[in-house]
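Residue numbers for the sequence shown follow UniProt numbering, beginning at 1 and rising by one.
Backbone N, C-alpha and C fix where the C-beta goes; we use that ideal spot for every residue, glycine too.
Since this is a predicted model, take the numbers as computed values, not measurements.
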Amino acid sequence: MAEVLSAEAHVISRLDVPGHDTLSDDLRQLIEQHGGDNWIRALSLNPDTARRFAQYFEKLFSATAGRLPIDERELIAVVVSRTNGCGLCAIHHAHALGEALHDRVQARRIALDYHLAELSARQLALAEIAETITTSPRAITEQDFERLRGVGLDDADILEAVETASWFNHTNRIFIATGVVPDEKYFSALT
């Protein structure tokens with residue numbers, strides 16, 4: 001079982017996190033662009049990693065970019081993160097899903113267990129493909145893709161759903177392994 005890190009004494013990762021004043025101007029700006037969140041602060045230990053990660057995240061999760069609406073991309077992020085047990089990403093993206101849906105209660109239900117939430121056929125198909133990509137990607141069949149097509153996704157949409165789920169599996173593993181602690185602001189947003 002992984003050791004749980006405490007947020008006390010500003011420990012936010014198993015790795016050393018550089019002080020804000022030791023970072024280059026562009027890294028400080030990048031951290032500020034992401035609200036000073038622990039995830040970007042932890043990644044700033046390796047500036048190239050922080051920049052690569054942030055660039056991919058910004059392109060994949062821009063509210064105005066992407067083929068899938070932001071609420072569907074956030075749904076995928078939440079399902080993958082919950083399935084993997086990544087508390088950091090689950091709480092962060094449950095918060096973002098609540099904003100995208102304009103329904104924090106529904107987002108919390110999805111984050112706890114998407115089977116407890118009343119999802120549309122399209123949302124359910126996306127949640128299930130995200131879970132399968134996470135737990136057993138070799139089990140995906142043509143029928144899974146036909147189901148996604150049947151709820152209105154074209155092949156480019158399906159590719160973006162697969163990309164989103166796959167990227168979150170990558171992301172979860174980084175933050176689980178490094179033990180990055182969720183920011184307190186996301187806990188207070190749950191009330």
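Exercise. How many angstroms separate the CA atom of residue 25 from the CA atom of residue 43?
Worked result: 15 Å
Problem set entry | Segment contact flag, the stretch 108-116 with the stretch 142-153, C-beta cutoff 8 Å, min 3 pairs | no
For this session: Output the boundary residues of the alpha helix (DSSP H) element that contains residue 160.
Result: 155-178
For this session: Take every Cβ of the stretch 34-54, pair it with every Cβ of the stretch 93-105, and state whether three or more of those distances are shorter than 8 Å.
Result: no
For this session: Label residue 137 either buried or exposed according to how many other C-beta atoms from any shown protein chain fall within 10 Å of its C-beta, with 16 as the threshold for buried.
Result: exposed
Problem set entry | Contacts around residue 151, its chain only, beta-carbon distance under 6 Å, and the 5 residues preceding and following it disregarded | 121, 122 and 125
Problem set entry | Other residues of its chain near residue 133: CB distance less than 8 Å, five sequence neighbours each side excluded | 80, 140, 162, 165, 166 and 169
Problem set entry | Integer Cβ distance of residue 75 from residue 110, believed to fall under 8 Å | 6 Å
For this session: Identify the continuous alpha helix (DSSP H) that holds residue 132 and give its terminal residues.
Result: 121-135
Problem set entry | Under the three-state DSSP convention, the category residue 65 falls into | coil
For this session: Inspect the beta-carbon positions of residue 38 and residue 12 and report whether they are closer than 8 Å.
Result: yes
Exercise. Applying the criterion that 16 or more other CB atoms from any shown protein chain within 10 Å of the CB defines a buried residue, is residue 156 buried or exposed?
Worked result: exposed
Problem set entry | Closest Cα partner of residue 135 within the set 73, 93 and 84 | 84
Exercise. Between which two residues does the alpha helix (DSSP H) harbouring residue 90 extend?
Worked result: 87-101
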